[in-house]
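Novice:
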Amino acid sequence: MTSRAYEAGIASNPSAAATNDAAADTTGTRGGTAYATSPYRWVVLIAAIPMFAITQMYWLTFSTISPQAAAFYHTTPLAIASLSMSYMIAYIIFSMPASMLCDRKGIRACFALAALLTSVFALTRGLLYWSFPLVVLSQLGLAIAQPFVMNPLTKLAANWFPVNQRATVTGIGSVAGYVGIAVATATTPGLYRSLGMGGMLKGMGYAAVACSLLLVALMKEEPKVPAGPKAQRDGRFSLRDAMALRHNHDYMLLLVAVMIALGVFNALLTALSDMFVSHGIDSDQSGVIGTAIIIGGVVLPLASDRTGRRKTFIVFSMTIAIAAIAGLSYMSAYPLLVTCGAFAGFFIMGAGPLIFEYGTEIAYPIPESTSYGLLMGSGQVTGILFILLMYGLQLPNKSMAIPLSVMIALMVVAAFAAIRVRESTLLTDNAHAKDTDMP
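Residues 415 to 853 in this note's numbering are what the sequence shown lists, from first letter to last.
Structure representation (structure tokens):
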């Protein structure tokens, strides 16, 4: 089945009355199917936002204090980088189980398991901070929780929100993760100096418990009346179903673009502090650059939903990101590095939610969390390879100019793959339907 079958269920009559859901605030019908959007959808999204943020914060806890962490634990910078790499390794292994749990049991079951894992291992990481092997094990537990937090995002959007709001919702969830990364890159050096390793990690553990309780208390599976078309949960899902995506030309091109762009992003953030050593940039300044990379990407998903375009924004974002990464690679002036970081963040991070939402639109009838998981997992594989490349090609003077040049060339390949992807017919047809049906 192609995305056309998905499109057949799009709500296209905003003036229709929802007689069967008093709580709904907008309604629509198409082909005899009634849709309604519930106000509680915003409560569900708000409940998940803190968990999205704190999960990503744990990923990069040590990236901007790599030299200090290496000295504290009497180990090497690459060993500290492995704490971040564990997230990518765990995602590769547990992404499919997380997607299958979400598809079969629903988003609430997936989030509940994520909350349990995050709470337990965030606490053990703080309480056992003095032992590097135990910190590694705790970090691995937190890494296992990540796909159970992130993979339900597109399914949450499909369960609770109409089609023309889903990229925005995916963007909000992604931005929450970006905020967590920004907090980690901007505040970790200061927290380490003021609280020490133990105080910093214990505080993060207590925050995890609070976020987990909020998520479990407020999360609901889905509204009584669906908000729009979505892939149905199917207990018969198998890996053979997901493998069918290899025949989907647009999805495979998108997969190539994601493998490169997300891998480059993961490598840049993981090696952030070590990347600027040769430029004389300290940990605090690296944190500011990392924050600039993150906070830029907050408006593109909303613009995409409003204009009914995905490909235009994805291609343009990748093109500008190439120039920004080149600036990060070859410039040495601190203000210019921050500026390039902001541009890279605005376009790389802004394109991320669009890519993931577009992937769910063209992958139907594969469930949303599965198509998202495959895209995200591919970026974790390349992220590990690119991190090893960053450190493997690092020059004796600590310069990473050679591996960064390789990253730029790979991003050019990703941009060409994105150019060949067709526009999302689901979104454009839905926008057209609304325009023609409005009085």
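All C-beta atoms in this analysis are idealised placements derived from N, C-alpha and C, irrespective of residue type, glycine included.
(1) Within the chosen definition, does the region 501 to 515 reach the region 557 to 570 through at least 3 CB pairs nearer than 8 Å?
(2) Which residues in the same chain have their Cβ closer than 6 Å to the Cβ of G587, if we skip the five residues on either side of it in sequence?
(3) What did DSSP end up calling E771 once you bin it into helix, strand or coil?
(4) Any contact of the region 788 to 805 with the region 757 to 774, i.e. 3+ C-beta pairs under 8 Å?
(5) Buried or exposed for G619, going by 16 or more other Cβ atoms inside 10 Å?
(6) On the premise that P817 lies in contact with L807, defined as a C-beta separation below 8 Å, what is that separation, rounded to the nearest angstrom?
(7) Which residues in the same chain as L515 place their Cβ atom closer than 8 Å to its Cβ, once the five residues preceding and following it in sequence are excluded?
(8) How many Å lie between S452 and Y505 at the Cα?
(9) Considering Cα atoms alone, identify which of V577, Y472, I494, I739 is closest to Y449.
(10) Secondary structure at F830, three-state DSSP: helix, strand or coil?
(11) Nearest by alpha-carbon distance to I521: which of A461, H488, Y744 is it?
(12) I need the straight-line Cα distance from G617 to S626, nearest angstrom please.
(13) What do you get for V589, buried or exposed, if any count of 16 or more other CB atoms within 10 angstroms of its CB means buried?
(14) Can you tell which of Y744, L742, L683 has the C-alpha that lies nearest to the C-alpha of P798?
(15) According to DSSP, is H661 part of a helix, a strand, or is it coil?
(16) Leaving aside the five residues before and after R836 along the sequence, list all residues of the same chain whose C-beta is less than 6 Å from its C-beta, in chain order.
(17) Between the alpha carbons of I833 and L554, how many angstroms are there, rounded?
(18) Where do the ends of the alpha helix (DSSP H) carrying R390 lie?
(19) Mind checking V458: buried by the 16 CB within 10 Å criterion, or exposed?
Specialist: By the coordinates alone:
(1) yes
(2) F466, L567
(3) helix
(4) yes
(5) buried
(6) 4 Å
(7) A523, C524, L527, F562
(8) 32 Å
(9) V577
(10) helix
(11) A461
(12) 14 Å
(13) buried
(14) Sequence inspection shows Ile at residue 798; the Pro mentioned does not correspond to that position. For the residues Y744, L742, L683, the minimum Cα distance to I798 belongs to L683.
(15) helix
(16) D664
(17) 37 Å
(18) Since the first and last residues shown for the chain are 415 and 853, residue 390 lies out of range.
(19) buried
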